[in-house]
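Written below as structure tokens is the structure these notes are about.
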Amino acid sequence: MTSTTTQPAVVRAPAPRPQRRPWRRIVLHGVVLLGAVAMVYPLLWMVASAFKPESDIFSDPGLLPATFTTENFTKGWDALGIPFSTFFLNSFVIAAISVLGNLLSCSLAAYAFARLDFRFKKTLFAAMLATLMLPFHVTLVPQYILFQSIDWTNTYFPLVVPKFLAVDAFFIFLMVQFMRGLPRTLDDAATVDGCGPFGVFWRIILPLMRPALAVAAIFTFIWTWNDFLGPLLYISDRELYTAPIALNAFLDSTGASSWGPMFAMSILSILPLFLVFLFAQKHLINGIATTGLK
């Protein structure tokens, strides 16, 4: 008579992972900490220098001011003969219009590449991608000659009008990649309900593109707010200066630069960027995760 008793399965415990040597972890954390300090120290030094008398800025490299003062903020606000709020407003207007232009034009161009069929579509898309590899400085002179010929210099038109013409290939590519992840059945269902190509874009595709639109809006605002070369080329009247150009006016080649007021206004200039990143960080991360921009 054979026994029918089954033997219990032998469960093997997982092999213990080899423990890392503690000194390697200490060295790794030390290197990361040194890198963080090297990156943050210039910003902290600028913040500390804004609250020091100008005579102490370069003679005292410490982060704690020996003499605390807010005089640099009051002097810097009106140092150029125009309240610095004017330059902030100019930068905000240009950045806001640029964000609107990029969202409209780039989303429409991306919809055409991602959803519509037309002749030379692949060739035009390849040409658009090729512009990503074209250095920005190559087109500076032709653009300046063009805008000067139509008398647009010393206005904001050269800075904002191109944004409505889908000139930022990076955002077009980002939105194309996002749209390709949306099911085509949504387009077919909308078409059956009577929507044309623009109706499909406006009512179906655009509402679903919020993560990609958020990424494009945040990057456009940051890049436009920090843009120095564009306003420097096209703006000559001091009343039309943006914040980066106004900060440059504190520097003097003769050595009479106003470092304290410039540092104070620099801190105020980065506050909008800090607030945008602080409140839009969640949308930025979600957009990067959903668009595959890693």
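One point on numbering: in my numbering, the residue at position 160 of the sequence shown is 522, and numbering is uninterrupted.
All C-beta atoms in this analysis are idealised placements derived from N, C-alpha and C, irrespective of residue type, glycine included.
7 Å Cβ cutoff met for valine 562 and alanine 552: In the sequence shown, residue 562 corresponds to position 200, counting from 1. In the sequence shown, residue 552 corresponds to position 190, counting from 1. Taking 7 Å as the Cβ cut-off, valine 562 and alanine 552 qualify as a contacting pair.
Stretch pair the region 621 to 628 + the region 430 to 437: three plus CB contacts closer than 8 Å: Judged by Cβ distances under 8 Å, the region 621 to 628 makes contact with the region 430 to 437, as three or more pairs qualify.
Residue environment, serine 571, which counts as buried when at least 16 other CB atoms sit within 10 Å: Mapped onto the sequence shown, residue 571 falls at position 209. The question names serine, but residue 571 in the sequence shown is methionine. Around the Cβ of methionine 571, a 10 Å sphere holds 16 or more other Cβ atoms; the residue is buried.
Contacts around lysine 414, its chain only, beta-carbon distance under 6 Å, and the 5 residues preceding and following it disregarded: As a first step, residue 414 must be located in the sequence shown, where it is residue number 52. Excluding residues within five positions, the ones whose Cβ falls inside 6 Å are Pro427.
8 Å CB neighbourhood of phenylalanine 450 in its chain, flanking five on each side removed: Taking the first residue of the sequence shown as position 1, residue 450 is located at position 88. Non-local C-beta neighbours of phenylalanine 450 in its own chain, meaning closer than 8 Å and more than five positions away in sequence, comprise Ala605, Leu630, Ser631, Pro634, ordered along the chain.
Burial state of alanine 471, where buried means 16 or more other Cβ atoms lie within 10 Å: The residue labelled residue 471 in the question sits at position 109 within the sequence shown. With 16 or more other Cβ atoms within 10 Å, it is buried.
Collapsed DSSP secondary structure at arginine 600 in the structure displayed: In the sequence shown, residue 600 corresponds to position 238, counting from 1. Correct three-state label for arginine 600: helix.
Cβ pair count under 8 Å reaching 3, the region 445 to 463 against the region 590 to 607: Touching, yes, given that three or more Cβ pairs across the two stretches are closer than 8 Å.
Whole-number beta carbon distance between threonine 547 and serine 460, since they are thought to touch under 8 Å: What you label residue 460 is simply residue 98 of the sequence shown in a count that begins at 1. What you label residue 547 is simply residue 185 of the sequence shown in a count that begins at 1. Their Cβ separation, rounded to whole angstroms, is 35 Å, which puts serine 460 and threonine 547 out of contact at 8 Å.
Of the listed residues Phe420, Ala531, Tyr473, Leu602, nearest to threonine 582 (C-alpha basis): Sequence index remark: in the sequence shown, residue 582 carries index 220 (1-based). When only C-alpha atoms are compared, the closest one is Ala531.
Beta-carbon proximity of serine 598 to asparagine 516, cut-off 7 Å: Sequence index remark: in the sequence shown, residue 598 carries index 236 (1-based). Sequence index remark: in the sequence shown, residue 516 carries index 154 (1-based). Yes.
Collapsed DSSP secondary structure at tyrosine 506 in the structure displayed: Locating residue 506 in the sequence shown gives position 144, where the first residue counts as 1. If DSSP states are grouped into helix, strand and coil, tyrosine 506 belongs with the helices.
Segment limits, alpha helix (DSSP H) that includes valine 523: In the sequence shown, residue 523 corresponds to position 161, counting from 1. Annotation: valine 523 is outside any alpha helix (DSSP H) and is labelled neither H nor E by DSSP.
Which listed residue (Asp418, Ser417, Gly424) has its alpha carbon closest to that of proline 404: Position 42 of the sequence shown, counted from the first residue, corresponds to residue 404. Ranking the options by Cα distance to proline 404, first place goes to Gly424.
Complete alpha helix (DSSP H) runs within the region 385 to 432 (minimum length 4 residues, chain order): 416 to 419, all fully within the region 385 to 432.
Inter-residue spacing [alpha-carbon to alpha-carbon] between leucine 568 and glutamine 505: Your numbering for residue 568 matches position 206 in the sequence shown. Your numbering for residue 505 matches position 143 in the sequence shown. C-alpha separation (whole angstroms): 31 Å.
Phenylalanine 498 classed as buried or exposed, judged by whether at least 16 other C-beta atoms fall within 10 angstroms: In the sequence shown, counting from the first residue as 1, residue 498 sits at position 136. Under this definition phenylalanine 498 is an exposed residue.
Residue burial classification, isoleucine 647 (beta-carbon count within 10 angstroms, cutoff 16): By 1-based counting over the sequence shown, the position of residue 647 is 285. Exposed is the call here.
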